[in-house]
Amino acid sequence: MTKSEIASIICDRVGLSKKESAEIVEIVLEEIKNVLASGTDVKISGFGHFMVRSKNSRRGRNPKTGEGITIEPRKVVTFRASQLVKDQLQKD
Amino acid sequence: MTKSELIDAVANANKDITRREAEVVVSTVFSAISDELANGGRIELRGFGSFSIKTRDSRTGRNPKTGESVHVPAKTVPHFKPGKELRERVDK
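Protein chains in written order, with my numbering: chain V, 1 to 92; chain C, 93 to 184.
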């Protein structure tokens with residue numbers, strides 16, 4: 001499933017035009033990205049939480065050359081699905 | 093940020109839609125994603141990330157309190173992989 005398929009569902013259910021639906025899907029995703037980029041978590045009840053986590057630096061290895069390298073501290077986004085979504089997946 | 097704050101932000105970002113419409117749009121985006129996951133599908137949102145499902149084999153676990161062995165059945169769990177743009181923007 002892609003953005004455009006989500007936009008068609010919005011178009012059917014909300015009655016916005018195809019173009020407006022595509023734009024609004026983009027706005028929703030852009031808004032979430034902006035908030036996460038500012039370091040704030042986004043919690044969508046009934047769906048899940050997008051969390052910004054800080055990773056410490058660690059010793060890694062270049063798998064190709066076997067060379068030891070230091071992986072710098074960084075920030076990553078993790079997603080924790082809500083229990084509702086997890087339960088939905090078990091029904092099969 | 094919570095779901096209702098996201099709805100407010102989306103409504104403010106696009107003056108052509110009402111808050112009520114923004115609410116339906118946001119809910120529809122997330123229910124479309126979870127429905128697709130429940131159908132075993134994969135959702136790819138360019139610049140944001142992709143949602144997919146992973147299977148976990150059944151295993152023998154242990155009740156940490158009693159030390160008793162318990163059978164943990166196989167299950168399907170949701171997975172989110174942040175896209176390139178989101179990864180780069182969060183780690184700045």
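Note that beta-carbon positions come from the ideal geometry of N, C-alpha and C, so glycine has one too.
Please read all numbers here as calculations on a predicted model, not as lab measurements.
**Message:** For the alpha helix (DSSP H) containing glutamate 30/V, name the first residue and the last one.
**Reply:** The residue labelled residue 30/V in the question sits at position 30 within the first sequence. Its alpha helix (DSSP H) spans residues 18 to 37.
**Item:** Pairwise C-alpha distance: histidine 163/C and proline 156/C
**Value:** For the purposes of this step, residue 156/C is taken as residue 64 along the second sequence, with counting starting at 1. For the purposes of this step, residue 163/C is taken as residue 71 along the second sequence, with counting starting at 1. Distance from the CA of proline 156/C to the CA of histidine 163/C, rounded to the nearest whole angstrom, comes to 13 Å.
**Asked** Counting Cβ pairs closer than 8 Å, one from the stretch 163 to 181 of chain C and one from the stretch 143 to 154 of chain C, do we hit at least three?
**Response** Enough Cβ pairs lie closer than 8 Å, so yes.
**Request:** Give every residue of the same chain whose Cβ lies closer than 6 Å to the Cβ of alanine 81/V, excluding the five residues on either side of it in the sequence, and list them in chain order.
**Result:** Start at 1 with the first residue of the first sequence, and residue 81/V comes out as number 81. These residues qualify, in order along the chain: Gly48.
**Prompt:** Does the distance from the C-beta atom of isoleucine 109/C to that of isoleucine 32/V stay below 8 Å?
**Reply:** The residue labelled residue 109/C in the question sits at position 17 within the second sequence. The residue labelled residue 32/V in the question sits at position 32 within the first sequence. Here isoleucine 109/C is not near isoleucine 32/V, since their CB atoms are 8 Å or more apart.
**Asked** Is the beta carbon of alanine 130/C less than 8 Å from the beta carbon of leucine 16/V?
**Response** Translated into the one-based positions of the second sequence, residue 130/C becomes position 38. Translated into the one-based positions of the first sequence, residue 16/V becomes position 16. No, these two residues do not count as a Cβ contact at 8 Å.
**Prompt:** Is serine 21/V buried or exposed, if buried means 16 or more other CB atoms sit within 10 Å of its CB?
**Reply:** For the purposes of this step, residue 21/V is taken as the residue at position 21 of the first sequence. That one is buried.
**Request:** Starting from the beta carbon of glutamate 31/V, find every residue of chain C whose beta carbon is closer than 7 Å, and list them in chain order.
**Result:** The residue you call residue 31/V lines up with position 31 of the first sequence. Under the 7 Å cutoff, chain C gives Leu98, Ala101, Val102 and Ala105.
**Request:** Let me know if glycine 141/C comes out buried or exposed under the rule of 16 or more other beta-carbons within 10 Å of its beta-carbon.
**Result:** Residue numbering aside, residue 141/C sits at position 49 when the second sequence is read from its first letter. Under this definition glycine 141/C is a buried residue.
**Asked** How long is the line joining the alpha carbons of glycine 133/C and methionine 1/V, rounded to whole angstroms?
**Response** Against the second sequence, residue 133/C aligns to sequence position 41. Against the first sequence, residue 1/V aligns to sequence position 1. Taking the straight line from one Cα to the other gives about 7 Å.
**Item:** Pairwise C-alpha distance: glutamate 67/V and lysine 107/C
**Value:** Residue mapping note: residue 107/C aligns to position 15 of the second sequence, counting from 1. Residue mapping note: residue 67/V aligns to position 67 of the first sequence, counting from 1. Roughly 54 Å separates the two Cα atoms.
**Prompt:** Straight-line CA distance for aspartate 149/C to lysine 86/V?
**Reply:** Here residue 149/C corresponds to residue number 57 of the second sequence, with the count starting at 1. Here residue 86/V corresponds to residue number 86 of the first sequence, with the count starting at 1. Cα-Cα distance, rounded: 16 Å.
**Neighbour-count burial assignment, serine 4/V, 16 or more Cβ in a 10 Å radius** = Taking the first residue of the first sequence as position 1, residue 4/V is located at position 4. The residue in question, serine 4/V, is exposed, as its Cβ has fewer than 16 Cβ neighbours within 10 Å.
**Message:** Please confirm whether valine 169/C has its beta-carbon closer than 8 Å to some beta-carbon of chain V.
**Reply:** Taking the first residue of the second sequence as position 1, residue 169/C is located at position 77. Chain V contact via Cβ: present.
**Request:** Confirm, please, whether the CB-CB distance from isoleucine 125/C to glutamate 115/C is below 8 Å.
**Result:** The count along the second sequence starts at 1 and reaches residue 115/C at position 23. The count along the second sequence starts at 1 and reaches residue 125/C at position 33. Result no, Cβ atoms of glutamate 115/C and isoleucine 125/C do not sit closer than 8 Å.
**Prompt:** Which of the three DSSP states, helix, strand or coil, is assigned to arginine 61/V?
**Reply:** Against the first sequence, residue 61/V aligns to sequence position 61. Strand at arginine 61/V.
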